[in-house]
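**Q**
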């Protein structure tokens, strides 16, 4: 992480791209691209699907109707200690504010992590809330990215969750196995495979190009220990808004024993309007996917509506 790209100027220089007037956009949301992910981007190609996810654009500064700082209602659902309560039976813990990569479409790009995240000395408040509510049988770890925590810190947190009898399942939402696959350590896998909780990984991968051999090996290390892996993708203009691109992604995932779970309509966060694909186009793409993929390889096309009791199915 210390060697990661942290400026748009360096990103463009490393990829043999000309300078561009994107400095103001970059200042609004800092640049962070690990070298492991950079190596999968085609030099000299401004339309590379991985690059499109991390390259700042002047369009980020243009006001767009309906694009807001908190598009999914996180702050309304937030409780003390970084605990979000949106859906029945589940609680989501914002473990920290750190990610391994800053995706320009991130729906939490303006989330006040320093004020609300459950940093280590504040996990107690979240654990107390979970323990006090027997209706919670599943805990989700999110962020930021929970895998930016050390194996030791994660193990301690999982131990505390395991001590709550009514919690039966644990989900870890992470992009680390995709962007820095060596983060999937044997110690991490052992912690999860030995847990009394039913543990799941939910990864975030948007295009087949992200799934190189080291990434596929990291995913197989997880599934080989009986830990299911689901994938959530976001429908993004210029990245994966073609049936061919999504079918390649889905097949590569299922070949690695990863379930294509959700394809999200873009959360309309301020600064990301240039990624929006019209919902009608997404519906047409889904129809194409159903005609060319086996049913188990077709993700659910959904959107998140603030205040709704679940993700809202589209097609």
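Residue numbers (full-length UniProt numbering): 1 to 315.
All C-beta atoms in this analysis are idealised placements derived from N, C-alpha and C, irrespective of residue type, glycine included.
(1) Since I believe residue 83 is in contact with residue 129 (beta carbons under 8 Å), could you give me their beta-carbon distance rounded to a whole number of angstroms?
(2) Using the rule of at least 16 other Cβ atoms within 10 Å of the residue's Cβ for burial, across every protein chain shown, is residue 307 buried or exposed?
(3) For the candidate residues 111, 62, 188, whose alpha-carbon lies nearest to that of residue 73?
(4) When the Cβ atoms of the region 139 to 152 are set against those of the region 88 to 95, are three or more pairs found closer than 8 Å?
(5) Just confirm the distance between the C-beta atoms of residue 100 and residue 215, as a whole number of angstroms; I'd bet it's less than 8 Å.
(6) Distance check for residue 13 and residue 206, CA to CA, integer angstroms please.
(7) Mind checking residue 332: buried by the 16 CB within 10 Å criterion, or exposed?
(8) Residue 185: which of 247, 309, 225, 103 sits nearest, CA to CA?
(9) Name, in chain order, the residues that DSSP records as bridge partners for residue 262.
(10) What residue range does the beta strand (DSSP E) around residue 138 cover?
(11) With a threshold of 7 Å on Cβ separation, who are the neighbours of residue 34 within its own chain once the five nearest residues in sequence on each side are excluded?
(12) Let me check understanding here. Comparing Cα to Cα, which of 194, 137, 229, 260 lies closest to residue 159?
(13) Pick out whichever of 25, 44, 36 has its Cα sitting closest to the Cα of residue 15.
(14) Between the Cα of residue 175 and the Cα atoms of 153, 190, 148, 168, which residue gives the shortest distance?
(15) Just tell me which of 55, 281, 237, 265 has its CA closest to the CA of residue 331.
(16) Skipping 5 residues on each side, what residues in its chain have a beta carbon closer than 8 Å to that of residue 67?
(17) Opposite residue 94 in the DSSP bridges: which residues?
(18) Any chance the region 245 to 262 sits against the region 273 to 289, with 3 or more Cβ pairs inside 8 Å?
(19) Is the beta carbon of residue 200 closer than 9 Å to that of residue 172?
(20) Between which residues of its own chain and residue 385 is the CB-CB distance below 7 Å, once the five residues before and five after are set aside?
(21) Could you tell me the alpha carbon to alpha carbon distance between residue 119 and residue 284, rounded to whole angstroms?
(22) Among the residues of its own chain, which have a CB less than 7 Å from the CB of residue 107, if the five just before and after it don't count?
(23) Looking only at its chain, what residues have a beta carbon closer than 7 Å to the beta carbon of residue 210, apart from the 5 residues adjacent to it on each side?
(24) In the structure shown, what three-state DSSP assignment does residue 203 receive?
(25) When the distance is taken between beta carbons, is residue 298 closer than 9 Å to residue 258?
(26) CA-CA distance, residue 152 and residue 222?
(27) Report the option in 212, 255, 240, 191 whose CA atom is closest to the CA atom of residue 227.
**A** The relevant details are as follows:
(1) 6 Å
(2) exposed
(3) 111
(4) yes
(5) So it is not a contact: roughly 13 Å between Cβ atoms.
(6) 24 Å
(7) In this structure the chain extends from 1 to 315, so residue 332 is not present and cannot be described.
(8) 225
(9) 232, 300
(10) 138 to 142
(11) 1, 4, 100, 101, 179, 180
(12) 194
(13) 44
(14) 148
(15) Given that the chain is displayed from residue 1 to residue 315, the structure contains no residue 331 and the question cannot be resolved.
(16) 268, 269, 270, 271, 272, 273
(17) 142
(18) yes
(19) yes
(20) Given that the chain is displayed from residue 1 to residue 315, the structure contains no residue 385 and the question cannot be resolved.
(21) With a pLDDT of 49 at residue 119, under the threshold of 50, the modelled position of that residue is not reliable, and no figure is offered here.
(22) 71, 72, 267, 269
(23) 40, 50, 178
(24) strand
(25) no
(26) 18 Å
(27) 191
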